[in-house]
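Okay, structure first, notes after.
2 protein chains.
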Amino acid sequence: MSKRRSITIIDIAKELGIAPSTVSRALSGHSKISPETRDKVMAVAKKWNYVPNKIALSLKNQETRTLGLIIPEIVHYFFSNVISGIEEVANKNGYSLLICQSGESLEREIKAVSTLVRQRVDGLIICCSRETEEFDHVEKLPENKGVPVVYFDRVPPNSKHPKIIVDDLMGAKQATAHLIEQGCKNIAHLAGPENLLISRNRLSGYRLALQNAGRQPKTELIKYCKEGTTEVGFAKMNELLNQEVIPDGVFANNDIIALGAMMAIKKKGLKIPEDVAVIGYSNWQLSEFMEPGLSSVNQPGAEMGEQACQCILNYIESDEPVEFFSPIILPSSLVIRGSSLRKRSAQIKVLNAGG
Amino acid sequence: MSKRRSITIIDIAKELGIAPSTVSRALSGHSKISPETRDKVMAVAKKWNYVPNKIALSLKNQETRTLGLIIPEIVHYFFSNVISGIEEVANKNGYSLLICQSGESLEREIKAVSTLVRQRVDGLIICCSRETEEFDHVEKLPENKGVPVVYFDRVPPNSKHPKIIVDDLMGAKQATAHLIEQGCKNIAHLAGPENLLISRNRLSGYRLALQNAGRQPKTELIKYCKEGTTEVGFAKMNELLNQEVIPDGVFANNDIIALGAMMAIKKKGLKIPEDVAVIGYSNWQLSEFMEPGLSSVNQPGAEMGEQACQCILNYIESDEPVEFFSPIILPSSLVIRGSSLRKRSAQIKVLNAGG
DNA sequence: GTGAAAGCGCTAACAT
DNA sequence: ATGTTAGCGCTTTCAC
Chain A
9 MSKRRSITII DIAKELGIAP STVSRALSGH SKISPETRDK VMAVAKKWNY
59 VPNKIALSLK NQETRTLGLI IPEIVHYFFS NVISGIEEVA NKNGYSLLIC
109 QSGESLEREI KAVSTLVRQR VDGLIICCSR ETEEFDHVEK LPENKGVPVV
159 YFDRVPPNSK HPKIIVDDLM GAKQATAHLI EQGCKNIAHL AGPENLLISR
209 NRLSGYRLAL QNAGRQPKTE LIKYCKEGTT EVGFAKMNEL LNQEVIPDGV
259 FANNDIIALG AMMAIKKKGL KIPEDVAVIG YSNWQLSEFM EPGLSSVNQP
309 GAEMGEQACQ CILNYIESDE PVEFFSPIIL PSSLVIRGSS LRKRSAQIKV
359 LNAGG
Chain B
9 MSKRRSITII DIAKELGIAP STVSRALSGH SKISPETRDK VMAVAKKWNY
59 VPNKIALSLK NQETRTLGLI IPEIVHYFFS NVISGIEEVA NKNGYSLLIC
109 QSGESLEREI KAVSTLVRQR VDGLIICCSR ETEEFDHVEK LPENKGVPVV
159 YFDRVPPNSK HPKIIVDDLM GAKQATAHLI EQGCKNIAHL AGPENLLISR
209 NRLSGYRLAL QNAGRQPKTE LIKYCKEGTT EVGFAKMNEL LNQEVIPDGV
259 FANNDIIALG AMMAIKKKGL KIPEDVAVIG YSNWQLSEFM EPGLSSVNQP
309 GAEMGEQACQ CILNYIESDE PVEFFSPIIL PSSLVIRGSS LRKRSAQIKV
359 LNAGG
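Set out below in structure tokens:
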């Protein structure tokens, strides 16, 4: 593609025999400009399809009105929701969005930070990769007070920057409480890997709900699904079904595991939710299409994106540097579905799981 | 956030008492530079965390090494795959990706084009909104030879720009042929809305496969699901099941419809795929989590993104303007699943559905 | 091998 | 109301 020279303010100025600054003023609707010149300028600009050059503006103003986003994977229901939320808010505020995916690799994450800083993004929104345990590449951005940063979902333990996270503990508590309300006597938990904070929080929520109802969480009703696959969910649920105390309710760490559990339940000839009620903490929209009876706690991806974006816009526009931001904790929403998918829409209830 | 002045080449030059141009040369590994100065410059640059300013470079070089992407919705399995594919290739080639979503609105699409052109993206990748029937806002970009454009998925009928589309006809043909091979005698089609090209192509593929097998497509086995919801799929499948000729195979326009159909089949007490085999043309990854027995024709989202990106990079870098690009047609892939989800992974076969 | 100067497109301060 | 000028950060001639 041969390089195209586009129309500039100077071209317009020459055509009309006036100064570039006058053209600039006319174009930006400055008050101290005669209507005639303004109209003439507008006419020429239109005739030649003048497009203002944001690059020149960025260089002059030292701001790009561009936000950088680093995300582990784009192809993921939760993350794509986050992106969408960010894009929505950014767009509404006249900001553009530059996206990099780290592919859960620290190396790529570091490279992405560098790329975006070179591009002079006005702010950086980041969800760290699973590999990331050390945050200097973000925390020690050039000059130590570089670009404003907002973390979401996977956040460093000690950072002064804003953080947006989901209230997993509360969500899990509500989900378990819901099973209790439904009359479940023996509620099992198919937990996620112990090393992940979210798994631990969800387990805690489960325990808390039971204790609040005056019950003791039983060790034999808690199974860890380290790999987090449908297969493991199936296997662990089978174990549960072969124990003495058969659970009549299951809270699963996520919907993938929940799906495996449901397969095991059905294979046993039991009915959902009549015999065993199931509820899954969900990253995906799957629940919508899954078996009826699968209620779920949904991660508020879009809302998280919106909040993160709003947060960084405030950060960018705040004049005095803020010393420390306390984390913003978003509630998950508990979606309760009835047992007939045909009448599903009428039966969906959304509870606000947070406080 | 108070505006931060970052380190420039001039700062380094001053510190060392040399000319900015020398610093520039040292930094960019120019040959005609003494090793001592180079080392000195590098040292200072490192000490002060110098970050080159891409904005200044863009202004000078008249290229941003940035690509613009306009997409109807980010939260969509197919589209998020496309984005991911584009990001991957762009990144690998040193390009950044600026994303706007149109939300299926022509108005927002027009605004997005304008935004991206102002940002001086080097190229524009676009999937038009459902509302878009007139393409001047893209085709007549400033100066008529403006930014390189590549269309994908939803493309204008007559554009000289590159277009990447999916071979729906071939995919549908393969899917239907697969049902025939499986021994299905009466294969129904749950079609999409007639006004969409993809629906028409899939219907044609279905017809073609039957004809190739020496069968006549029967009108009573074709049902249009205008709304494309699970509910409609359920209703239309019920109609089919209550007709004289009960189908033993169903090719559904997409997986949402397929899901409804499967619910209807199961409610009737029939088994999938033993009694009725089902296959859906899929935009989503749902099939992975759906009932066993649901084979699907998957849209190659990531591949489409990669191709689109590669295509625009070539376009950008080609010196002589190309007169007309013929469409690039990607095959969909037919994924055949067995009936036991537990053994699923072993039984998945992927056939290349294109020619 | 290095320096000086021009220029990419734009705007804001300072004239007039 | 309009023109002049300088400068944002960088590279790239053209001198020396």
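One line per chain: the protein sequences are A and B, in this order.
According to our numbering, the first sequence holds residues 9 to 363 in order.
According to our numbering, the second sequence holds residues 9 to 363 in order.
Ideal Cβ placement from N, Cα and C applies to all residues, glycine included.
Bear in mind that the values here come from a model prediction, so they are computed numbers and not experimental data.
Query                                                                                                              : Result
Proximity below 8 Å, CB of CYS108/A to CB of GLU95/B                                                               : yes
Close Cβ partners of ASP19/A (< 6 Å) along its chain, the five nearest in sequence each way excluded               : none
Reference GLY93/B; option with closest CA among ILE336/B, LEU338/B, PRO308/B, GLU189/B                             : PRO308/B
Residues near VAL253/B by beta carbon distance below 6 Å, same chain, minus five either side                       : ASN194
Every unbroken beta strand (DSSP E) inside the segment 200 to 275 of chain B [3 residues or more]                  : 230 to 232, 257 to 260
Entirely enclosed alpha helix (DSSP H) segments - the segment 83 to 133 of chain B, minimum 4 residues             : 85 to 100, 114 to 126
Contact with chain B by LEU24/A, beta-carbon distance below 8 Å                                                    : no
The ligand COA heavy atom lying under 7 Å from the CB of GLU81/B                                                   : Here there are no bound small molecules, and the ligand COA is not part of this structure.
Counted within 10 angstroms of its Cβ, other Cβ atoms place PHE242/B as buried (16 or more) or exposed             : buried
Three or more C-beta pairs below 8 Å linking the segment 281 to 290 of chain B and the segment 63 to 75 of chain B : no
Residues that THR74/A bridges to, as DSSP identifies them                                                          : SER104/A
Straight-line gap, GLU282/A to ILE230/B (C-alpha atoms, nearest Å)                                                 : 37 Å
Buried versus exposed call for ARG210/A [16 or more other C-beta atoms within 10 Å across all chains shown]        : buried
Contact with chain A by LEU75/B, beta-carbon distance below 8 Å                                                    : no
Nearest-angstrom Cα separation, counted from ARG73/B out to LEU249/A                                               : 58 Å
Alpha-carbon to alpha-carbon, VAL97/A and TYR103/A                                                                 : 8 Å
Alpha helix (DSSP H) segment containing SER326/A, residue limits                                                   : Careful: SER326/A lies outside any alpha helix (DSSP H) and carries neither H nor E.
Where the beta strand (DSSP E) containing ASN194/B begins and where it ends                                        : That residue, ASN194/B, is in no beta strand (DSSP E); it is neither H nor E in DSSP.
Integer Cβ distance of LEU75/A from LEU105/A, believed to fall under 8 Å                                           : 5 Å
Contact list for ARG126/B against chain A, beta-carbon separation under 7 Å                                        : VAL59, PRO60, LYS62
Any C-beta of chain B under 8 Å from that of GLN109/A                                                              : yes
Residue-chain proximity (GLU95/B, chain A), Cβ-Cβ < 8 Å                                                            : yes
CB contact check: SER104/B to chain A, cutoff 8 Å                                                                  : yes
Range of the contiguous alpha helix (DSSP H) that encloses ALA180/B                                                : 176 to 189
Where SER304/B sits in the DSSP three-state scheme                                                                 : strand
Buried versus exposed, by CB contacts within 10 Å (16 or more), ARG215/B                                           : buried
Residues that DSSP places opposite TYR289/B in a beta bridge                                                       : VAL305/B
Residues of the segment 221 to 255 of chain B whose Cβ lies closer than 9 Å to any Cβ of chain A, in chain order   : THR238, GLU239, PHE242
Bounding residues of the alpha helix (DSSP H) (the contiguous stretch that carries VAL52/A)                        : 43 to 55
Chain-ordered chain A contacts of ILE344/B [CB-CB under 8 Å]                                                       : Near ILE344/B there are no residues of chain A at all, since even the closest Cβ is about 19 Å away, more than 8 Å.
Proximity below 8 Å, CB of PRO339/A to CB of LYS171/A                                                              : no
Residue-level contact to chain A via CB, ILE356/B, 8 Å cutoff                                                      : Note that ILE356/B has pLDDT 39, beneath the 50 cutoff, so the model's placement of it is unreliable and the number below is only indicative. No, because no Cβ of chain A sits closer than 8 Å to the Cβ of ILE356/B.
8 Å Cβ cut-off: residues of chain B touching SER92/A                                                               : GLU81, ILE82, VAL83, GLN109
CB contact check: ASN99/B to chain A, cutoff 8 Å                                                                   : yes
Contact with chain A by SER304/B, beta-carbon distance below 8 Å                                                   : no
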